[in-house]
Every structure is written in structure tokens, then in C-alpha cells.
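Read through the structure below, which is laid out as C-alpha cells, and then see the notes.
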Amino acid sequence: MAVTKKEIIDEIRDQMDMTQKEAERVLVSTLEVIKEQLEQGREVMISGFGIWSVRIKKPRRGRNPQTGEVLMIAGRKVITFKSSQILKKTVQVE
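If you want it as C-alpha cells, here you go:
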């Protein structure tokens, strides 16, 4: 099951000994900074965690599964995440 935004806020509140509103502001501000940097095409690197970046996928040929018609799928921007070695080691199953 996925961790929700509220659960993350609760964890921040408990670990940082702050109010719910303060913890929410910290998380929302952090996410907003990450989003803004990605919108500008910049990588976001958090040491020991990973790197978010925007990659451009090239246009490609595809096929309509219902009709079999070949068509061009437009290029688009996608967000990628590469986890750090530290994070990978942390989540590895022994």
C-alpha cells in the first residue's frame, strides 16, 4: 500500500516536533521547489536519495490495437528518477 501525503506530514510532524500545519508547509514547499525545477528542465539531486530529471521521448510509430492502423505517437517529456546507491542498499531485501 502506498504512503499518503498525510502520513508523510504526520511523520515530519513527529520527527521534527512541529505542528501539523508547519509540517504540511515544509512538505508542500519542498514538493513545489522540486516541481518548479523540473518544469524549468533542471535535474533535482538529493544526495543519498536520488535524481529526478526530465527526458524527452522521441516520436515513434505505434499501432491502434482495435483497427491495426499504424500511426505516429508524438514525442513528449517524461520525468525519470534514478535512485542513489545508498537508497538502493537501504531497500534491498536480504
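Under my numbering, residues -18 to 75 are what the sequence shown spells out, in order.
Glycine residues also receive a C-beta, built at the ideal position from the N, C-alpha and C atoms.
Since we're looking at a predicted model, the values are computed, not measured.
Quick one: measure Cβ to Cβ for residue i and residue j, integer angstroms, because I've assumed they're closer than 8 Å.
i     : j      : result
P40   : I54    : 6 Å
G56   : K38    : 6 Å
L19   : V9     : The pair is not a contact, with the Cβ atoms about 16 Å apart (cut-off 8 Å).
E5    : I27    : Actually they do not touch by this definition, with Cβ atoms about 20 Å apart.
L68   : G22    : That pair is no contact at about 24 Å.
T(-6) : T(-15) : The amino acid at residue -6 is misidentified as Thr; the sequence shows Arg. Not really, about 14 Å apart at Cβ, beyond 8 Å.
Relative to the C-alpha of residue i, which candidate in the options has its C-alpha closest?
i   : options               : result
I15 : F62, K69, M(-18), G49 : F62
S64 : G49, R42, V25         : V25
K58 : T11, E(-12), E3, W33  : W33
Going by DSSP, what residue range makes up the beta strand (DSSP E) through residue i?
i      : result
M(-18) : M(-18) -> no beta strand (DSSP E), and no H or E assigned at all.
T61    : 57 to 64
S34    : 31 to 38
R44    : 41 to 44
Under a Cβ-count criterion, where at least 16 other Cβ atoms within 10 Å of its own Cβ denotes burial, should residue i be classed as buried or exposed?
i      : result
A(-17) : exposed
Hey, would you say residue i sits closer than 8 Å to residue j, going by beta carbons?
i   : j   : result
R42 : E50 : no
If you follow the alpha helix (DSSP H) that residue i is in, where does it begin and where does it stop?
i   : result
S10 : 1 to 20
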